[in-house]
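Peer 1: Here it is: the structure, laid out below.
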Amino acid sequence: MAPIMQVVFDALSLGSLYALGALGIALIFGVMRLVNFAHGDVIAFCVFALLWPSVDAVAIIFAGNLPWFLLIPFTLAVGAGLSVLSEVVVFRRFRRANPATMMIASFALGFVIRYFLLMLFSSRPKSISLLPGLSQPVELLGARIPLLQLITILVTIAVLIGLTAFLRRTRFGLEMRAAAENFTMARMLGVRANRVIMGAFALSGALAAAIALILGSQTGTANIMMGASVMLMAFIATVIGGMGSLAGAVIAGFALGAIATVMQVILPPDARAFRDAFVYGAVILVLIFRPQGLLAARGTKERV
Amino acid sequence: MKRLTAILAATTCLSGAAFADDERIVVGFATAETGFMQAYDKPAQDAAMIRIAEINAAGGLLGKQIEVVNADTKTDRAEGAKAGLSVIDQGADMVVVSCDYDFGAPAALAAESSGLISFFLCAESIKAGIQGVGPNSFSASVLAAVQGATMAEWAYNKKEARTFYRLLDTWTEYNKGICDGFDWMMPQLADATLVGEDTFLNEDASIAAQITRIKSLPEEPDAIMLCTMMPGAVSAIKQLRAAGINSMILNGSGVDGSYWLSAVPDLSNFFVPVQGSIYGDDPNPDVTAFNAKFKEVTGGDPSTQYTYPGYVMIDVWAKAVERAGTTETSAVVAELEKMNGEPTLFGPRTFTSELHHQNQARYLIVETNAGKPGVVDEWTISAPIPVADLMK
Chain Z
1 MAPIMQVVFD ALSLGSLYAL GALGIALIFG VMRLVNFAHG DVIAFCVFAL LWPSVDAVAI
61 IFAGNLPWFL LIPFTLAVGA GLSVLSEVVV FRRFRRANPA TMMIASFALG FVIRYFLLML
121 FSSRPKSISL LPGLSQPVEL LGARIPLLQL ITILVTIAVL IGLTAFLRRT RFGLEMRAAA
181 ENFTMARMLG VRANRVIMGA FALSGALAAA IALILGSQTG TANIMMGASV MLMAFIATVI
241 GGMGSLAGAV IAGFALGAIA TVMQVILPPD ARAFRDAFVY GAVILVLIFR PQGLLAARGT
301 KERV
Chain H
1 MKRLTAILAA TTCLSGAAFA DDERIVVGFA TAETGFMQAY DKPAQDAAMI RIAEINAAGG
61 LLGKQIEVVN ADTKTDRAEG AKAGLSVIDQ GADMVVVSCD YDFGAPAALA AESSGLISFF
121 LCAESIKAGI QGVGPNSFSA SVLAAVQGAT MAEWAYNKKE ARTFYRLLDT WTEYNKGICD
181 GFDWMMPQLA DATLVGEDTF LNEDASIAAQ ITRIKSLPEE PDAIMLCTMM PGAVSAIKQL
241 RAAGINSMIL NGSGVDGSYW LSAVPDLSNF FVPVQGSIYG DDPNPDVTAF NAKFKEVTGG
301 DPSTQYTYPG YVMIDVWAKA VERAGTTETS AVVAELEKMN GEPTLFGPRT FTSELHHQNQ
361 ARYLIVETNA GKPGVVDEWT ISAPIPVADL MK
């Protein structure tokens, strides 16, 4: 029983990370059909925001020294702020552009953020001890897991519940859902587009910051490329989940985490190096049988 | 016969004069001044500049001052080839290229096709030399495989490690090189057993599944051979310790340095092979003096042992030039290939006509105990790793 529980926790914690990432991408795609490839760089930026700019090998911890009850809101605010800023400065100008153009713009923005960090911090990965109290093992249901894994899973569940409540119970959430379903119609019915889009960007940025905190405390490293792999998996999760479907993105995120973990467990040693090939193979299979994704968002269907 | 030699010598001189300006000796750095590789090239290049300044202060090489020309590869392979050609056009007698094989090779190939010597600043793949570039290419560092072999043999002999676990990050050739050296050494260690193995990817956000596999072993292994590099190394080490695995962790030199230790507070039972100590406790006081000089020149201490190969590079090349009495490529290569256990500040160096890299080297063993790294021992593997095994 214990080994199985161990795998379940491993899968859930990795899946949580992907689900949070997928949610951040799906939120923005939902309201403005933009696949935001700068999302990964926002994650990296949030971690670097805790350091003082320097190109030395030793990181100068700045905001990272704050106590946790200030550190967490600070990081979330940085993520939300950067994300909103990117909307105001860049994406607002592409509102009428086609999705491919917006996607290219998001790539460009990602490069700008990454090279800005490169300029300030150099390419050398920096070490940071973030929330060190979480690096302790705990016993749970016979499995011995790092406390951080448990917190990651709990935080993700809390975020999901909170977000669901926000989208279903508040006026802003209602507007956002309306905008995701049919943007033009929502505008005609009095939904303020800029407000909704900025809200989506702020939420997405805060989710990126949450990933940054988890990744930062898990890996102890700030690296200008650190968002890239999570971003890729999260993007794939939004595609399998059905572009724009928030529930689909979350389910697919957890599924990807589970597949990656199970592959690592069951593959023979020689094949393990190709684990990701098997994961992507599973992705292809899903898309062959459900090209619209697991849960297709209503707004994205072709209308006759 | 004598006349023939004289004629040959005369033609060699003439052809030499046609290519190189006799008044200058020029070292060309086709390295990354910007971009990702800059952080890795700069320290070794600074160390090389220190050796050049020392030689110039002592009267120069063959009575001439060494001049330096630079071209930026911008951490781009296409720009690398251009940078190589640029320093060759500026009259370089020897071309120094980026630390990494993939990023340094374009400039090294440019040097090779112009018949010039190239030196990788600190590449640790066998390809950085004859096997990947050509007969005039060298690397100033030690093969990654030697690091894995050194750690296995040392832990077996000095720490009585008998059960080993092999954890490979499949991201780079360097990582695989460390584990290849470990694999080569293991069968030579009587009653040492490999109790398990696993792989991960440097960028993996979590190695929880790999850790679960280690934890499900009936007994914690004596030692974990961790074949990885930055930045994934910190993440792997942090997660291993966070999961309560206390086995000794053996590494390649890629994790040397104290700059990352804050990420894993109170790390213990952690071992790294290094060519020289940056921690001020090198058994050779000249290394500590070099560290002080490096700080004086650059304003900071060396952050990892990868600073040192740059110094070794100029040192061995200048000695070979001095002995050959010329900077002419074939004569200098011949002198370099005669070096057998040539003493340098960072251990003896050997080059042969089949390998322009170190397949056996003296390593200092640095142990990190309660978050404090320090030299505890030194080790040279009992036999050089055969070239055939390195080419696998």
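Heads up: the sequence lines are chains Z and H, in that order. So the first sequence is numbered by our numbering: it starts at 1 and just counts up by one. So the second sequence is numbered by our numbering: it starts at 1 and just counts up by one. All C-beta atoms, glycine included, are put in the ideal place defined by N, C-alpha and C.
For residue 286(Z), is the classification buried or exposed, using 16 other Cβ atoms within 10 angstroms of its Cβ as the cut-off for buried?
Peer 2: buried
Peer 1: What are the partner residues of residue 358(H), as DSSP defines its beta bridges?
Peer 2: 142(H)
Peer 1: What did DSSP end up calling residue 260(H) once you bin it into helix, strand or coil?
Peer 2: coil
Peer 1: Cβ closer than 7 Å: which chain H residues qualify as neighbours of residue 272(Z)?
Peer 2: Chain H residues near residue 272(Z): 198 and 199.
Peer 1: Thinking just about the alpha-carbon of each residue, which of 76(H), 43(H) and 277(H) is nearest to the one in residue 364(H)?
Peer 2: Comparing alpha-carbon positions, the option among 76(H), 43(H) and 277(H) lying closest to residue 364(H) turns out to be 277(H).
Peer 1: Is there at least one Cβ from chain C nearer than 9 Å to residue 162(H)'s Cβ?
Peer 2: The structure shown contains no chain C; its protein chains are Z and H.
Peer 1: Measure the CB-CB distance between residue 202(H) and residue 229(H) and report whether it falls below 9 Å.
Peer 2: Cβ distance < 9 Å, so residue 202(H) and residue 229(H) count as in contact.
Peer 1: Would you mind sorting residue 304(Z) into buried or exposed? The rule is 16 or more other CB atoms within 10 Å of its CB.
Peer 2: The predicted model places residue 304(Z) with a pLDDT of 47, which falls under 50 and marks its position as unreliable; any figure quoted below should be read in that light. The residue is exposed, with fewer than 16 neighbouring Cβ atoms inside 10 Å.
Peer 1: Just list the beta strand (DSSP E) runs in the segment 182 to 253 of chain H, keeping only unbroken ones of 3 residues or longer that don't cross its boundaries, in chain order.
Peer 2: Listed in chain order, they are 193 to 200, 223 to 227 and 248 to 250.
Peer 1: Which word fits residue 85(H), buried or exposed, when buried means at least 16 other C-beta atoms lie within 10 angstroms of its C-beta?
Peer 2: buried
Peer 1: Inspect the beta-carbon positions of residue 125(Z) and residue 221(Z) and report whether they are closer than 9 Å.
Peer 2: yes
Peer 1: Answer with buried or exposed for residue 119(Z), where buried requires no fewer than 16 other C-beta atoms within 10 angstroms of its C-beta.
Peer 2: A residue is called buried once 16 or more other Cβ atoms fall within 10 Å of its Cβ, and residue 119(Z), having fewer, is exposed.
Peer 1: When you compare the CB of residue 230(Z) with every CB in chain H, is at least one pair closer than 9 Å?
Peer 2: yes
Peer 1: Please state whether DSSP places residue 192(Z) in a helix, a strand or coil.
Peer 2: coil
Peer 1: How many Å lie between residue 79(H) and residue 255(H) at the Cα?
Peer 2: 29 Å
Peer 1: Scan the segment 47 to 76 of chain Z for residues whose Cβ lies nearer than 7 Å to a Cβ of chain H and list them as they occur along the chain.
Peer 2: 56, 57 and 58
Peer 1: For residue 223(Z), which residues in chain H fall below 7 Å Cβ to Cβ?
Peer 2: 231
Peer 1: Which residue marks the beginning of the beta strand (DSSP E) containing residue 118(H), and which one marks its end?
Peer 2: Its beta strand (DSSP E) spans residues 117 to 120.
Peer 1: Is there at least one non-hydrogen atom of the ligand ZN closer than 8 Å to the beta-carbon of residue 216(H)?
Peer 2: Only the bare structure without any ligand can be found here, which leaves the ligand ZN out of the picture.
Peer 1: Under 9 Å, Cβ to Cβ, is there at least one residue of chain Z near residue 221(H)?
Peer 2: At a cut-off of 9 Å between beta-carbon atoms, residue 221(H) makes no contact with chain Z.
Peer 1: Does residue 204(H) get closer than 9 Å to chain Z when you measure Cβ to Cβ?
Peer 2: yes
Peer 1: Going straight from the alpha carbon of residue 158(H) to that of residue 272(H), what length do you get?
Peer 2: 14 Å
Peer 1: Relative to chain H, which residues along the segment 197 to 226 of chain Z have a C-beta separation below 7 Å, given in chain order?
Peer 2: 215, 218, 219, 220, 221 and 223
Peer 1: Taking the beta carbon of residue 386(H) as the centre, do at least 16 other beta carbons fall within 10 Å, making it buried, or is it exposed?
Peer 2: With a threshold of 16 other beta carbon atoms within 10 Å, residue 386(H) falls short and is exposed.
Peer 1: When you compare each of 236(Z), 66(Z) and 18(Z) to residue 153(Z) by their alpha carbons, which one comes out closest?
Peer 2: 18(Z)
Peer 1: Give the range of the beta strand (DSSP E) segment to which residue 176(Z) is assigned.
Peer 2: It is not in any beta strand (DSSP E) - residue 176(Z) instead sits in the alpha helix (DSSP H) that spans 171 to 181.
Peer 1: Assuming residue 40(Z) contacts residue 51(Z) (C-beta within less than 8 Å), just tell me the rounded distance between them.
Peer 2: Residue 40(Z) to residue 51(Z), Cβ: 18 Å. No contact.
Peer 1: Going by Cα to Cα distance, which pick from 264(H), 370(H) and 352(H) is closest to residue 132(Z)?
Peer 2: 264(H)
Peer 1: Could you tell me how far apart the beta carbons of residue 38(Z) and residue 85(Z) are, in whole angstroms, since I believe they sit closer than 8 Å?
Peer 2: At roughly 11 Å, the Cβ-Cβ gap does not stay under 8 Å, so residue 38(Z) and residue 85(Z) are not in contact.
Peer 1: Find out if the Cβ-Cβ distance for the pair residue 236(Z), residue 247(Z) is shorter than 9 Å.
Peer 2: no
Peer 1: Between residue 13(H) and residue 62(H), what straight-line distance do the alpha-carbon atoms span, to the nearest angstrom?
Peer 2: Bear in mind that a pLDDT of 43 at residue 13(H), under 50, signals an unreliable position, so the number given afterwards is only what the model happens to contain. Approximately 15 Å between the Cα atoms of the pair.
Peer 1: Measuring CA to CA, which of 102(H), 66(H) and 231(H) is closest to residue 24(H)?
Peer 2: 66(H)
Peer 1: Do you know whose CA, among 175(H), 221(H) and 118(H), lies nearest residue 194(H)'s CA?
Peer 2: 221(H)
Peer 1: Am I right that residue 227(H) and residue 169(H) are in contact with their C-beta atoms under 8 Å? What's the rounded C-beta distance?
Peer 2: About 6 Å; that satisfies the 8 Å criterion.
Peer 1: For residue 192(H), which residues in the same chain have their Cβ closer than 7 Å to its Cβ, ignoring the five residues on either side in sequence?
Peer 2: 156, 162, 164 and 186
Peer 1: Here's a check: name, in chain order, each residue in its chain whose Cβ is nearer than 7 Å to the Cβ of residue 160(Z), leaving out the five neighbours to either side.
Peer 2: 250
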